[in-house]
Structures are given as C-alpha cells and as structure tokens.
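Q: Pasting a structure below so you can have a look.
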Amino acid sequence: MGELKLLGVWPSSFVYRIIWALELKGIKYEHVQGEFHNPDFSDLLLKYNPVYKKVPVLVVDGKPIAESTVILEYIEERWPQPPMLPQDPYERAVARFWVSFAEEKSTSFMSFFVAVGEDFQKATKEVREVLKVLEETIGDKKYFGGEEIGILDITLGWIPLFFGVIEDIVGVKVLVVDDFPRLFTWIRNFSEHPSIRTNFPSHHELFGYYKQKRDYYSTQYSMNAGMN
Ligand SMILES: N[C@@H](CCC(=O)N[C@@H](CS)C(=O)NCC(=O)O)C(=O)O
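Position 148 (the sequence shown) corresponds to 148 in full-length UniProt numbering; numbering is contiguous.
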C-alpha cells in the first residue's frame, strides 16, 4: 500500500475526521501527533502544508494532501469500501451539498464558542437554526449516510464530540433532547459505532482543554470588539 502518515494535533475535530474515515475503512496509517509550538512539528507543517500550515495533513508516499474534506474525498476515491458516499451520482451531489452546508455553518458554532454579549446571542440563534435544519435532514435515518456512517456524519462528527463540552463551557444548552430528538439519537448512534468510540476522547478530557481556549479566545474577542 505504501506509506501513509497522518499529521495531527490533539484534540482537533478536523484531524478526528481523518482518523474516523481511516478507521471505518480499516486502513493502517501512522499518526504523527505533534504540537504547534514544537519547532520540529512546525517545520513538518511548513514543509507539507506551506499554504495554510494547518492539520490535518495526510502524507501518502511522501506526498501531502491538506484540508480535511479534500482528504476525505481522497480516502473515498482510493479506498471505496466501505463507501462514505452514495453510489448514485445525484445522491453523491446531495451528500456533498450537505458537507458544504456543514462547513459553511461551522462559523456560527465557532461564534457560539468564542463570542460575548449580543454576538453570542446572535450565534446562539444561528446555531439553533442550523441544528433544526440538521434535525429535519436526518429524519428517521440512523446516520446522515443512511444505515451506515457517511461523509456528512464524519464532517459533523465534531458535534457529538465537542458540542456538549462547548455548551457546558459557555453555560447554555441548545441541543436539548426535547427540541432535537433525532439528533440526540444520531449522537448516540455515531459515538457508539465501533470505529468511532475507540477514537472519541471523553467529555472530561476535552473540557479542561477547551475551557482554557474559551477563556483566551473570549478575552481576545472582547478586546477586538472594543476596538471596533
Ligand atoms: N479547513 C481546514 C481547517 C483545519 C484547521 O483549522 N486546523 C487547525 C487545528 S484544529 C490548525 O491546524 N490550526 C493551526 C493554527 O491555527 O496555527 C481543514 O478542514 O482541514
């Protein structure tokens, strides 16, 4: 198969997308887990992702692929089984539409995490609206992909992973079972899947890490807001 290396940092939701996809497909890889402040790791990122200097990067026989959704597409093309995209071209296009929707709307979730004051209220409203759309979209399916985990499940997998942690940190619950029963069922189905649950850090592990981040980001956010 050749050499497959995943450059990542813990606990990046973008990196988890790649881990989950590789695990689902049973692909062996080496996970090079670094830290941004480590000069050797920064050099690696500069070498393999000079444009963005971000993780994840999948290095295939020495050749890098960056951007998590691009990497997911590569994985799907190279190892089609089990599929993360439907077979029918129209259905594939629909799945990609929702991936693009999920990516675009992730900024509202970021604002929910870092914003303060009125901006936080606005972000909370937006997040609720996005979740409503997702609740409708999943309908009665087990996963967004149907009976099996698909590319949209993986793209949105950060919700089961992080959203409850973020809600606890900011002190506001949006994703409540009475409002989003189908998403609740999906979260359980996704996080209990054998390929996912072994790569799914606990709430406790994530809380400390993200609490620190929120304190830092919200201070920066308030400072920037004050300057405008
Ligand atoms: N659009 C990119 C986003 C990746 C991203 O933001 N990665 C973060 C880690 S979660 C990163 O590498 N940040 C480096 C930095 O900000 O210096 C993707 O989908 O891969």
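In this text, a Cβ means the ideal position worked out from N, Cα and C, and glycines have one as well.
Rounded to the nearest angstrom, what separates P86 and V59 at their Cα positions?
A: Each residue's Cα considered, the two are about 26 Å apart.
Q: Cβ-heavy atom distance between S100 and ligand 1 below 7 Å?
A: Incorrect: S100 has no Cβ contact closer than 7 Å to ligand 1.
Q: In this structure, how does DSSP classify residue 233 when only helix, strand and coil are distinguished?
A: In the structure as shown, the chain starts at 1 and stops at 228, and residue 233 therefore has no counterpart that could be examined.
Q: Quick check: is any heavy atom of ligand 1 less than 7 Å from the C-beta of residue 230?
A: What the structure shows of the chain is the stretch from 1 to 228, and residue 230 is not part of that stretch, so it cannot be assessed.
Q: Can you say whether F144 is buried or exposed, counting buried as having 16 or more other CB atoms within 10 angstroms of its CB?
A: So F144 counts as buried.
Q: Here's a check: name, in chain order, each residue in its chain whose Cβ is nearer than 7 Å to the Cβ of S191, leaving out the five neighbours to either side.
A: Same-chain partners within the cutoff: P160, R197, F200.
Q: Label G150 either buried or exposed according to how many other C-beta atoms from any shown protein chain fall within 10 Å of its C-beta, with 16 as the threshold for buried.
A: Buried, because 16 or more other Cβ atoms sit within 10 Å of the Cβ of G150.
Q: Hey, could you find the ends of the alpha helix (DSSP H) Q121 is sitting in?
A: Note, Q121: alpha helix (DSSP H), 117 to 138.
Q: Cutting at 6 Å between CB atoms, please list the residues of its own chain near K105, excluding the five before and the five after it.
A: So the qualifying residues of the chain are V130.
Q: Regarding S68 and ligand 1, is the C-beta to nearest heavy atom distance less than 7 Å?
A: Yes, ligand 1 has a heavy atom inside 7 Å of this Cβ.
Q: Would you list the residues sitting across from L4 in a DSSP beta bridge?
A: Paired residue(s): V60.
Q: So who's on the other strand from E76, going by DSSP bridges?
A: Paired residue(s): none; E76 is not in a bridge.
Q: Measure the Cβ-Cβ separation of I138 and L183 and say whether it is below 8 Å.
A: In this structure, L183 lies closer than 8 Å to I138 by Cβ.
Q: With a CB to CB cut of under 6 Å and the five nearest residues on each side skipped, what residues in its chain are close to N228?
A: With a pLDDT of only 47 at N228, under the threshold of 50, the placement of this residue in the model should not be trusted, and no figure is reported.
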